[in-house]
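In our numbering, the protein residues as written are 10 to 222.
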Amino acid sequence: MAQFRLQGSKVLAVDLAGDSVKARNGCMVAYTGQMNFKKLSGGGDGLRGMVTRRLTGEQMQVMEVKGQGTCYFADRATEVNLVRLNGETLYVEADNLLCTEATLSTGTSFTGLNGMASGTGLFTTKVEGHGWAALTSKGPAVILRVSQGLPLRVDPGAYIAHTGNLNRALKSGGGWTANLIGEGGGEAVQVEFNGEGLVYVQPSERLTIGGDV
Numbered sequence: 010m011a012q013f014r015l016q017g018s019k020v021l022a023v024d025l026a027g028d029s030v031k032a033r034n035g036c037m038v039a040y041t042g043q044m045n046f047k048k049l050s051g052g053g054d055g056l057r058g059m060v061t062r063r064l065t066g067e068q069m070q071v072m073e074v075k076g077q078g079t080c081y082f083a084d085r086a087t088e089v090n091l092v093r094l095n096g097e098t099l100y101v102e103a104d105n106l107l108c109t110e111a112t113l114s115t116g117t118s119f120t121g122l123n124g125m126a127s128g129t130g131l132f133t134t135k136v137e138g139h140g141w142a143a144l145t146s147k148g149p150a151v152i153l154r155v156s157q158g159l160p161l162r163v164d165p166g167a168y169i170a171h172t173g174n175l176n177r178a179l180k181s182g183g184g185w186t187a188n189l190i191g192e193g194g195g196e197a198v199q200v201e202f203n204g205e206g207l208v209y210v211q212p213s214e215r216l217t218i219g220g221d222v
């Protein structure tokens, strides 16, 4: 069973004993022991996954790393955040998924027009099963809890991932008319989460369609 641990805050160390992990292609920075690297088609989901990702636009080049020793992963000096899944589903932006245990399955999930309008796309990556996943963020990620009756609004450019039984909807930061004529509060579009779960947010914003108007 692969062992995930942090080497500082920006490097993921994975101890392997003949088992394997799936990682973003090109994110290996060093390793000790004997390792084998194999590029996977369709994000590790075979031909069906490759076709799905091409149709949805959720692009992610993935490699399988297998061997004996320790492999180190990093991505442009971003922070690494570990998430332990125990049968639940993690929804994560493809650019923020660094590495997963081989026991976890990955696929795509439809977000609808809300995702397209917020700039995160019609589809997002879905990770399911039991095991560790490593996410990247620009700065240390903040984990925010959502409870019934207490919705959470997030800037779409700061959103990384979420788990739990959550519904998300696109909301205007002010009135659409006010934002379009420059009288809004500067945050034209927000994503509102309702239900029970956790939302991962980074202290930095990606450029999105729904950003400042």
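Beta carbons are placed, not taken as given, at the ideal position from N, Cα and C, and that holds for glycine.
Through-space distance from His139 to Ser156, alpha-carbon basis:
24 Å
Quick one: using the 10 Å Cβ neighbour count with 16 as the cut-off for buried, is Gln12 buried or exposed?
exposed
From the DSSP output, in three-state form, read off Asn105 for me.
Assigned with DSSP and collapsed to three states, Asn105 falls in helix.
Lys75 - DSSP class collapsed to helix/strand/coil:
Strand, per DSSP.
Taking Cβ positions, are Leu21 and Tyr100 nearer each other than 8 Å?
no
Through-space distance from Met44 to Lys75, alpha-carbon basis:
6 Å
Asn176 to Gly166, Cα distance in whole Å?
18 Å
Give the range of the beta strand (DSSP E) segment to which Lys48 is assigned.
Per DSSP, Lys48 belongs to the beta strand (DSSP E) from 37-49.
Using the beta-carbon count (16 or more within 10 Å), is Arg33 buried or exposed?
When all chains shown are included, Arg33 counts as buried.
Unbroken beta strand (DSSP E) run spanning Lys31, endpoints
Note, Lys31: beta strand (DSSP E), 21-33.
Can you grab the Cα-Cα spacing for the pair Gly78 / Leu91, in whole Å?
20 Å
Tell me the rounded alpha-carbon separation between Gly96 and Glu137.
7 Å
In this structure, what does DSSP give as the bridge partners for Ser146?
Glu88
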